[in-house]
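One structure below.
Spelled out as structure tokens, the structure:
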């Protein structure tokens, strides 16, 4: 089960909570949010009494929604509510939101993480751990260049981690993808100095990763990589097999004249 430390919630709330808003979000924001909730709850009525998500009320008054002083929605906290639908981000991330925090931890969400999550370009905190999300980690995810904390642990993601773009996420301090089915090699650009210099929590344990761990992770804890039988190299005690020697090039043929 993925757990969000209490201090993270407190700090985010302190950063995002402002005096009560003076006006509500417009229809082009309210309707995509309602559609987003419909997919999360599989079209059923909202699972909690007085949840507040409806077409007539101010979204800034809805349970789980935090707005800034200008009534812009900046955070959605919907953790541990038994939501068992799909994470539909096409509409959510196309709406005119200023969303910085999305927390859907410890529900029962299924299906893929859609590439359109990258259109929520202002996200700094994305917590999706403790669900049943599946499919590959979208290649667009590293385009969220403002992300500081990314948690997709305790799901069923598979395929390989995208490569070639992680260096753009220079502010990332937490990346947790443990307890999934992710395979392939660890992308070398995840170990770039501009990332590792800030990274306080990195965990890809209990997946299906293979190959040599990039050398930049040598000083990290071995527990961050445990449970991947195909991984080798520091900080694990498993040595990598030496690369096979190249076969000598065939010499010129000597034929009699």
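In mature numbering (1 follows the signal peptide of the UniProt record, and there is no 0), the protein residues as written are -24 to -1, 1 to 233.
Glycine included, C-beta positions come from ideal geometry on N, C-alpha and C.
Bridge partners - residue 108, DSSP secondary structure assignment
86
Looking only at its own chain, which residues have a Cβ that is under 6 angstroms from the Cβ of residue 15, when we skip the five neighbours before and after it?
61, 62 and 64
Within the continuous beta strand (DSSP E) that includes residue 42, where are the two ends?
41 to 43
So, with DSSP's three-state summary, where would you put residue 180?
coil
Segment limits, alpha helix (DSSP H) that includes residue 67:
65 to 70
Given a cut-off of 8 angstroms, decide if residue 134 and residue 152 are closer than it, judged by their beta-carbon atoms.
no
Where DSSP assigns a beta bridge to residue 150, which residues make up the other side?
125 and 177
In this structure, does DSSP put residue 78 in helix, strand or coil?
strand
Inter-stretch contact (C-beta, 8 angstroms, three-pair minimum) for the segment 106 to 114 and the segment 41 to 53:
no
Compute the Euclidean distance between the alpha carbons of residue 120 and residue 173, then round it to the nearest angstrom.
19 angstroms
Near residue 10, what residues of its chain come up, given a Cβ to Cβ distance below 8 angstroms and the 5 sequence neighbours on each side ignored?
29, 30 and 31
Report the CB separation of residue 5 from residue 73 in whole angstroms; it is logged as a contact under 8 angstroms.
6 angstroms
Measuring alpha carbon to alpha carbon, tell me which of 199, 162, 34 and 144 ends up nearest residue 238.
Nothing about residue 238 can be reported from this structure: the residues present for the chain run from -24 to 233 only.
Assumed close pair residue 52, residue 78 - CB separation to whole angstroms, cut-off 8 angstroms
5 angstroms
Quick check on residue 195: buried or exposed, where buried means 16 or more other Cβ atoms within 10 Å of its Cβ?
exposed
Cβ shell of residue 211 (< 8 angstroms), same chain only, five flanking positions each side left out:
189, 193, 194, 195, 196, 197, 198, 200 and 201
Which first and last residues belong to the beta strand (DSSP E) in which residue 134 is found?
132 to 134
Would you tell me roughly how many angstroms separate the C-alpha atoms of residue 162 and residue 139, rounded to the nearest one?
8 angstroms
Which one of 99, 115, 184 and 114 has the shortest CA to CA distance from residue 147?
99
When the Cα atoms are used, what is the spatial distance from residue 216 to residue 208?
5 angstroms
Collapsed DSSP secondary structure at residue 49 in the structure displayed:
strand
Coil, strand or helix - residue 208 by DSSP:
strand
By Cβ distance, which residues of its chain are closer than 6 angstroms to residue 179, with the 5 residues on each side in sequence left out?
152, 154 and 200
Residue from 137, 169 and 142 with nearest C-alpha to residue 159
137
Considering only C-alpha positions, which residue in the set 49, 171, 97 and 58 is nearest to residue 66?
97
Continuous beta strand (DSSP E) stretch holding residue 102: start and end:
101 to 103
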